[in-house]
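Each residue of the sequence shown is one higher than the one before, starting from 2 at the first, in our numbering. Built from N, CA and C at the ideal position, the CB exists for glycine as well.
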Amino acid sequence: PRLPLEQLLEGQPWGPEAVGWALAALAVEFTPLDDVRSGAEFRRGLITSLFEKFWQGDESESQELPMLYGTSDPWPGADAGRELRHESSVGHVTGGAVYVDDQASRRGDMLELWPVLSTHAHARLKGVDTSRARALPGVVRVLTAADVPGVNDVGAIRHDEPLLAVGEVHFHGQVVAVVAAESLDAARRAAALVQVDYEPLPPVLGLREAIAQGSYHTQPHVIRRGDVEAALAASPHRLEGEIDIGGQEHFYLEAHAAWAERGDDGDVRVVSSTQHPSEVQAIVAHVLDLARHRVVVEAPRMGGGFGGKETQASTWAALTGLVAWLTGRPSRIQLDRDVDMIVSGKRHPFHGRFEVGFDHDGRLRGLRAHVTNDGGWALDLSESICDRALFHIDNGYLLPTAEIIGRVARTNTVSHTAFRGFGGPQGMVIIEEALDRIARHLGVPVEQVRERNLYRGSGEDCTTHYGQPIEHNRMPLVWGQAREHAGFEARRREIDAFNAGSARIKRGLAITPVKFGISFTATFLNQAGALVLIYRDGSVQVNHGGTEMGQGLYTKILGVAMRELGQPAARVRVMKTQTDKVPNTSATAASSGSDLNGAAVAAACAQLRERLAPVAVELLAKLTPEAAPVDPATLRFTDGRVVAHDGREVAFGAVAEAAYVRQISLSAAGYYRTPGIAYDKSKGHGRPFHYFTFGAAVAEVELDGWSGMKRVRRVDIVQDVGESLNPGIDRGQIEGGFVQGVGWLTGEELKWTRDGRLLSHSASTYQIPSLGDAPAEFHVHLLPQAAQPGVIHGSKAVGEPPLMLALAVREALRDAVAAFGAPGGQVYLPAPATHEALFLAVQQRLATATTTAAPVTPPEPAGEQAAQ
2 PRLPLEQLLE GQPWGPEAVG WALAALAVEF TPLDDVRSGA EFRRGLITSL
52 FEKFWQGDES ESQELPMLYG TSDPWPGADA GRELRHESSV GHVTGGAVYV
102 DDQASRRGDM LELWPVLSTH AHARLKGVDT SRARALPGVV RVLTAADVPG
152 VNDVGAIRHD EPLLAVGEVH FHGQVVAVVA AESLDAARRA AALVQVDYEP
202 LPPVLGLREA IAQGSYHTQP HVIRRGDVEA ALAASPHRLE GEIDIGGQEH
252 FYLEAHAAWA ERGDDGDVRV VSSTQHPSEV QAIVAHVLDL ARHRVVVEAP
302 RMGGGFGGKE TQASTWAALT GLVAWLTGRP SRIQLDRDVD MIVSGKRHPF
352 HGRFEVGFDH DGRLRGLRAH VTNDGGWALD LSESICDRAL FHIDNGYLLP
402 TAEIIGRVAR TNTVSHTAFR GFGGPQGMVI IEEALDRIAR HLGVPVEQVR
452 ERNLYRGSGE DCTTHYGQPI EHNRMPLVWG QAREHAGFEA RRREIDAFNA
502 GSARIKRGLA ITPVKFGISF TATFLNQAGA LVLIYRDGSV QVNHGGTEMG
552 QGLYTKILGV AMRELGQPAA RVRVMKTQTD KVPNTSATAA SSGSDLNGAA
602 VAAACAQLRE RLAPVAVELL AKLTPEAAPV DPATLRFTDG RVVAHDGREV
652 AFGAVAEAAY VRQISLSAAG YYRTPGIAYD KSKGHGRPFH YFTFGAAVAE
702 VELDGWSGMK RVRRVDIVQD VGESLNPGID RGQIEGGFVQ GVGWLTGEEL
752 KWTRDGRLLS HSASTYQIPS LGDAPAEFHV HLLPQAAQPG VIHGSKAVGE
802 PPLMLALAVR EALRDAVAAF GAPGGQVYLP APATHEALFL AVQQRLATAT
852 TTAAPVTPPE PAGEQAAQ
């Protein structure tokens, strides 16, 4: 049946009067849903907005843009290993790449596991009845906390995270029990039959509620520089503000997976999709009450990680190890997408409250900020993540005086965890929010305020608020190059002209910097080992402690070994990461995988070169006894040969064989630890980072005011990667990280019910960026001639910093919103600035500038009777 409004419109003259009462009728008649996809206010506003667009006959559309047009600078030089394609690229595109569950699927004797999950955000566990589940055909065991032979805990930092719930459950989705069965279907059906008796308890849900109730995991971390109160009092201008910053789902393509088997000698082998094999080894060992040398963990390639498998893979590895140990049968688990999203931690939501003092030209004098992150029910890595937010709240800007206070809140949601950037991006959002508000308060271009506050010069003017001097400061350089590559000033004029002639489609332009510190902030983690083996034929195996999650670490390690030993790619093989090859490894995280593991591999190769060089000299002397003696220090290892300064050469394989015959070891263990870093948390002062990376991005967007839909028209990036180990892989990381950041800041939104259930737990309810969300024009420039002293082959980290460049898109969207309605005034945008948030922001801007004819009483419907 037709709606009453349709019947009212039939036969009426089409004009302003009819539109006036039609809009009023729509507001009453249309009762929108309020669900995980969007809110009722947005849907109600959207239908009237689109009706008004139809009435006005606005057929304006943005011009069609080419899809994914981009450029990148050629990289000078052709050093061995720099232009290698990703070592798994063929397997990725053909489906031939083997992942954890693929290994398990090839065996026919696996027990299938499935978890029993809590249905309450907070409740007392009064009893768990597994009898019905155990009676189901095909079920082998149903395990609860009472079955754990060792320590029932998988906490990474603090022992506050039971493997299987005991006493209480603390979030909706906590693992209460696990079913082991002959088939996955039987395991899932049995899990549904486990009866859990709960006594509900009041949950703490959301950051603001936790702050109001004083629910925290940690004591405050305070960083002070100078007298901030005096600086604020002396400032010509002061502003206060706050911002809520949303979390983000990792959405790695491969959900959590693991399998395990018990050996004949009482050892346990675990194969896990993890970024931290040594931590999985430690946790499985203490769950089973074993020494660590009895547990071997293998980490084959992962289908993505982004931090989500740094600590939280341990739960699933430990469950498979537990079942394998207790049953003597190999066991596996592969979570599906919905369960993975329900049970796994996210990027931390943050709340930032700030007060800034500044000059008439927008230069900062003082910043006071209170930063709180939502750790969820257990601590996990939340304290370190909060610390890094405090370290990066300056982004690329000088804070002459500052008082920054950070604390981790405790809520009854999933325990949040590492995610690309590790708190740094959230800290940067806070300072960018403050600078935008400063610029709009003063009525000056935002990019001018940003540029005036960049780190420059030396001494205190180029020292962070926690006391670390910024050496090799390239921030002004990358900023200037980004503006130049983008043609910023000319495009600013073009966009202003476009906006002046377009009422409901506006464009925005912004430039933002990124300064990101590289090292684990837990100093002891900044170490790595490697084992390099040369065989008699000259072929090479490389073992290291890093893990491959698609980021290209194995390819970079391959390139390092090729350059160090002078071998072609076909003669070097990088092995799967295993704890019985390289012990006590750090997680592949903090953008340090190449720095640490590459340096360890280089150290092992240097030992081998030192042993082989005298042998090569001996062989060269035999080949040309009449020639002058060769200094071993002058030999070059290149192209599978060992070459003297005068051009004489001998095959690398011949040198390896000769070394073996001479009883010279052809294996070497390399080790590296990052020098010169230390931070005193009690004083809020020190040098937590080995070095900084620098980048800048210019983004142009287009915003449809009728609907809130956006398009990223063009992005220009300049990124400092030092002397790149592999420019192709680095460009891929920059592009991918940037788009992932755009998703976090403009589209991806986690939604929870009032009782703590995650609503957005599937691809249909949680929207990650698609091809159309990538910039239509994407230009990536690697800063040339930027070798970094004291780092492997002069390179710099690239994994995390590009994500934060996506701040340029958020700020460009704010610029576009500001173009609607009357000029001036603040523009408040949430993070993420979703289509819904953008639409409502535009409507707010237009509310004071739009005049609508007063609604009139509609006539009686013509024709049919109005629907009852």
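*asked:* Arg-389 and Gly-424 - do their beta-carbons sit closer together than 7 Å?
replied: Stepping through the sequence shown from its first residue, residue 424 is reached at position 423. Stepping through the sequence shown from its first residue, residue 389 is reached at position 388. Taking 7 Å as the Cβ cut-off, Gly-424 and Arg-389 qualify as a contacting pair.
*Check the C-beta distance from Arg-475 over to Phe-695 and give it rounded, since I have them as a contact under 8 Å.*
Position 474 of the sequence shown, counted from the first residue, corresponds to residue 475. Position 694 of the sequence shown, counted from the first residue, corresponds to residue 695. Confirmed, Cβ separation roughly 4 Å.
*Would you mind stating whether Pro-278 and Thr-556 have Cβ atoms separated by less than 7 Å?*
Position 277 of the sequence shown, counting from 1, holds the residue named residue 278. Position 555 of the sequence shown, counting from 1, holds the residue named residue 556. Taking 7 Å as the cut-off, the beta carbon of Pro-278 is found no closer than this to the beta carbon of Thr-556.
*Any beta strand (DSSP E) of 3 or more consecutive residues that is wholly inside the segment 384 to 410*: 403 to 410, all fully within the segment 384 to 410.
*Reference Arg-44, options Asp-186, Phe-840, Ala-848, Gln-845, closest by Cα*: Walking along the sequence shown from the start, residue 44 turns up at place 43. Comparing Cα-Cα distances from Arg-44 to each of Asp-186, Phe-840, Ala-848, Gln-845, the minimum goes to Phe-840.
*Where do the N-terminal and C-terminal ends of the beta strand (DSSP E) with Tyr-199 fall, by residue?*
Here residue 199 corresponds to residue number 198 of the sequence shown, with the count starting at 1. Start and end: 196 to 201.
*Please determine, among Gln-568, Asp-395, Cys-387, Trp-378, the residue with the shortest C-alpha to C-alpha distance to Val-415.*
For the purposes of this step, residue 415 is identified with residue 414 of the sequence shown, where counting begins at 1. Ranked by Cα distance from Val-415, the first of Gln-568, Asp-395, Cys-387, Trp-378 is Trp-378.
*How many angstroms separate the CA atom of Gly-738 from the CA atom of Trp-260?*
Here residue 738 refers to the residue found at position 737 when the sequence shown is read from its first residue. Here residue 260 refers to the residue found at position 259 when the sequence shown is read from its first residue. Their backbone Cα atoms lie some 30 Å apart in a straight line.
*asked:* To the nearest angstrom, how far is the alpha carbon of His-466 from that of Thr-513?
replied: Position 465 of the sequence shown, counted from the first residue, corresponds to residue 466. Position 512 of the sequence shown, counted from the first residue, corresponds to residue 513. So the alpha carbons of these two residues sit roughly 20 Å apart.
_6 Å Cβ shell around Ser-668 - same chain, five flanking residues per side excluded_ = Numbered from 1 along the sequence shown, position 667 holds the residue referred to as residue 668. Scanning its chain for C-beta atoms nearer than 6 Å, with the 5 sequence neighbours on each side dropped, one finds around Ser-668 the residues Leu-534, in chain order.
_Glu-262 classed as buried or exposed, judged by whether at least 16 other C-beta atoms fall within 10 angstroms_ = The residue labelled residue 262 in the question sits at position 261 within the sequence shown. The residue in question, Glu-262, is buried, as its Cβ has 16 or more Cβ neighbours within 10 Å.
*Reducing DSSP to helix, strand and coil, say where Gln-313 ends up.*
The sequence position of residue 313 within the sequence shown is 312, counting from 1. Collapsing the DSSP output to three states places Gln-313 in coil.
*Can you tell me the Cβ-Cβ gap for Phe-355 and Ala-370, rounded? I've got them flagged as a contact below 8 Å.*
Residue 355 sits at position 354 when you count from the first residue of the sequence shown. Residue 370 sits at position 369 when you count from the first residue of the sequence shown. Contact flag correct, Cβ pair sits at about 4 Å.
*asked:* Check whether the segment 310 to 325 and the segment 267 to 278 are in contact - that is, three or more C-beta pairs closer than 8 Å.
replied: With a cut-off of 8 Å, the segment 267 to 278 and the segment 310 to 325 count as touching, because enough Cβ pairs lie within range.
*Rounded to whole angstroms, what's the CA-CA distance from Gln-214 to Gly-207? Just pull it up for me.*
Walking along the sequence shown from the start, residue 214 turns up at place 213. Walking along the sequence shown from the start, residue 207 turns up at place 206. Within the model, the alpha-carbon separation for Gln-214 versus Gly-207 is close to 11 Å.
*Throw me the rounded Cβ distance for the Leu-185 and Glu-113 pair, which I believe falls under 8 Å.*
What you label residue 185 is simply residue 184 of the sequence shown in a count that begins at 1. What you label residue 113 is simply residue 112 of the sequence shown in a count that begins at 1. Separation of the CB atoms of Leu-185 and Glu-113 is rounded to 4 Å, and the pair is thereby assigned contact status at 8 Å.
*Could you name the residues of the same chain whose beta carbon sits closer than 7 Å to that of Ala-764, not counting the 5 residues immediately before and after it, in chain order?*
Stepping through the sequence shown from its first residue, residue 764 is reached at position 763. So the qualifying residues of the chain are Arg-338.
*If you drop the 5 nearest sequence neighbours on each side, which residues of the same chain put their C-beta closer than 6 Å to that of Asp-245?*
Along the sequence shown, read from residue 1 onward, the residue named residue 245 stands at position 244. So the qualifying residues of the chain are His-352.
*Report yes or no: do the segment 94 to 105 and the segment 298 to 311 share at least 3 C-beta pairs separated by less than 8 Å?*
Of all C-beta pairs linking the segment 94 to 105 to the segment 298 to 311, three or more are shorter than 8 Å, placing the two stretches in contact.
*In angstroms, rounded to a whole number, what distance separates the CA positions of Val-541 and Arg-574?*
Indexing the sequence shown from 1 puts residue 541 at position 540. Indexing the sequence shown from 1 puts residue 574 at position 573. Near 6 Å, if we compare the C-alpha coordinates of Arg-574 and Val-541.
*Fully enclosed by the segment 118 to 142, which alpha helix (DSSP H) runs are 4 residues long or longer?*
Segments of the alpha helix (DSSP H) lying fully in the segment 118 to 142: 132 to 135.
*Answer yes or no: do Met-805 and Val-447 have a C-beta to C-beta separation smaller than 7 Å?*
Along the sequence shown, one-based indexing puts residue 805 at 804. Along the sequence shown, one-based indexing puts residue 447 at 446. Not in contact: Met-805 and Val-447 (Cβ atoms no closer than 7 Å).
*What span of residues does the beta strand (DSSP E) with Asp-640 cover, start to end?*
The residue you call residue 640 lines up with position 639 of the sequence shown. Taken as a continuous stretch (DSSP letters only), Asp-640 belongs to no beta strand (DSSP E), as it is neither H nor E.
_beta strand (DSSP E) runs wholly inside the segment 189 to 241, at least 3 long, in chain order_ = Within the segment 189 to 241, the complete beta strand (DSSP E) segments at least 3 residues long are 196 to 201, 222 to 226, listed from N- to C-terminus.
*Leaving out five residues before and five after Val-722 in sequence, what residues of the same chain have Cβ atoms less than 6 Å from its Cβ?*
Position 721 of the sequence shown holds residue 722. So the list reads Asp-731, Leu-783, Lys-797, Val-799, once near-sequence residues are dropped.
*In angstroms with no decimal places, state the Cα-to-Cα distance between Glu-53 and Thr-766.*
Here residue 53 corresponds to residue number 52 of the sequence shown, with the count starting at 1. Here residue 766 corresponds to residue number 765 of the sequence shown, with the count starting at 1. About 29 Å.
*Where Thr-49 and Tyr-680 are concerned, what is the direct C-alpha to C-alpha distance, given to the nearest angstrom?*
For the purposes of this step, residue 49 is taken as the residue at position 48 of the sequence shown. For the purposes of this step, residue 680 is taken as the residue at position 679 of the sequence shown. In a straight line, the C-alpha of Thr-49 is about 56 Å away from that of Tyr-680.
*Using a Cβ-Cβ cut-off of 7 Å (strictly less than) and excluding sequence neighbours within five positions of His-171, which residues of its own chain qualify?*
Taking the first residue of the sequence shown as position 1, residue 171 is located at position 170. For His-171, where only same-chain residues beyond five positions count, the Cβ hits under 7 Å are His-123, Trp-378, Asn-413.
*Hey, Arg-343 and Leu-759 are a contact pair by Cβ (cut 8 Å); roughly how many whole angstroms apart?*
In the sequence shown, residue 343 corresponds to position 342, counting from 1. In the sequence shown, residue 759 corresponds to position 758, counting from 1. It is worth fixing the name first, because residue 343 is Ile in this sequence and not Arg. Between Leu-759 and Ile-343 the Cβ distance is about 5 Å, and since that is below 8 Å, they are a contact.
*In its own chain, which residues sit with a C-beta less than 6 Å from the C-beta of Val-167, not counting the 5 before and 5 after it?*
As a working note, residue 167 is residue 166 in the sequence shown. The answer, listed in chain order, is Ala-146.
*Could you pull out every residue in the same chain whose Cβ sits closer than 8 Å to the Cβ of Gln-789, ignoring the five residues on either side in sequence?*
Sequence index remark: in the sequence shown, residue 789 carries index 788 (1-based). Excluding positions up to five away in sequence, the list reads His-473, Tyr-692, Gly-723, Glu-724, Gly-795, Ser-796, Lys-797.
*CB-CB under 8 Å to Val-229, same chain, minus the five flanking residues each way: which ones, in chain order?*
Walking along the sequence shown from the start, residue 229 turns up at place 228. Contacts found: Gly-367, Leu-368, Arg-369, Thr-402, Ala-403, Glu-404.
*Report, in whole angstroms, the separation of the C-beta atoms of Ala-23 and Leu-6, which I expect to be a contact under 8 Å.*
Your numbering for residue 23 matches position 22 in the sequence shown. Your numbering for residue 6 matches position 5 in the sequence shown. Rounded, the Cβ-Cβ distance is 6 Å, consistent with contact.
_Here's a check: name, in chain order, each residue in its chain whose Cβ is nearer than 8 Å to the Cβ of Ala-235, leaving out the five neighbours to either side._
Your numbering for residue 235 matches position 234 in the sequence shown. For Ala-235, same chain residues with a beta-carbon under 8 Å away, outside a window of 5 residues either side, are Gly-358, Arg-366 in chain order.
*asked:* My assumption, with CB atoms under 8 Å, is that Ala-652 sits in contact with Ile-793. Please give the rounded CB distance.
replied: To locate residue 652, count along the sequence shown from 1; it is residue 651. To locate residue 793, count along the sequence shown from 1; it is residue 792. The beta-carbon separation of Ala-652 and Ile-793, rounded to 27 Å, does not stay under the 8 Å limit for a contact.
*Is Glu-658 closer than 7 Å to Arg-537 when the C-beta atoms are compared?*
As a position in the sequence shown, residue 537 is number 536, starting the count at 1. As a position in the sequence shown, residue 658 is number 657, starting the count at 1. Less than 7 Å divides the Cβ of Arg-537 from the Cβ of Glu-658.
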